[in-house]
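Following: one structure in structure tokens, then a few remarks.
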Amino acid sequence: MPRSVNSVASRARRKKVMKQAKGYFGRRKNVWTVAKNAVEKAMLYAYRDRRNKKRNFRALWITRINAGARMHGMSYSQFMGKVKSNGIELNRKVLADLAMNHPDAFKAVVERVK
Numbered sequence: 001m002p003r004s005v006n007s008v009a010s011r012a013r014r015k016k017v018m019k020q021a022k023g024y025f026g027r028r029k030n031v032w033t034v035a036k037n038a039v040e041k042a043m044l045y046a047y048r049d050r051r052n053k054k055r056n057f058r059a060l061w062i063t064r065i066n067a068g069a070r071m072h073g074m075s076y077s078q079f080m081g082k083v084k085s086n087g088i089e090l091n092r093k094v095l096a097d098l099a100m101n102h103p104d105a106f107k108a109v110v111e112r113v114k
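Pasting the structure below:
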């Protein structure tokens, strides 16, 4: 009995990877082995950076809150400690937005915790 190879599935799998490699430079877009490696590496970067994005945004929010708090004579750690102890349920994302775009509202929060 001859060997049966599921070439339909193999071609579909290769076609899927080649579609993902669309837009890459040089042989990365049209040579199977190079494209496969490039797409695999790209997926690893995407997985890693979805997690790094959360860290980066948290760091950005902390920087913005720190700048806003220091304008009112407090450090970031003092401000956040007092926010938590006063039971204010605003997260860092919201506090950073207030500090950046609504300084009057942020000042009201600072005055409340002082």
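Counting in this note's numbering, the sequence shown runs from 1 upward without gaps.
Beta carbons are placed, not taken as given, at the ideal position from N, Cα and C, and that holds for glycine.
Original post:
If you scan the region 18–57 from start to end, which runs of the alpha helix (DSSP H) of 4 or more residues do you find wholly inside it?
Top reply: none
**OP:** Helix, strand or coil for residue 98, going by three-state DSSP, please let me know.
**Re:** helix
Subject >> CB of residue 35 within 8 angstroms of CB of residue 21, strictly >> reply: yes
Subject >> Stretch pair the region 59–67 + the region 80–99: three plus CB contacts closer than 8 angstroms >> reply: yes
Original post:
Are the region 100–112 and the region 78–88 in contact at 8 angstroms, needing three or more beta carbon pairs?
Top reply: yes
Original post:
How big is the Cα-Cα spacing for residue 24 and residue 18?
Top reply: 10 angstroms
**OP:** For the alpha helix (DSSP H) containing residue 81, list its first residue and its last residue.
**Re:** 76–85
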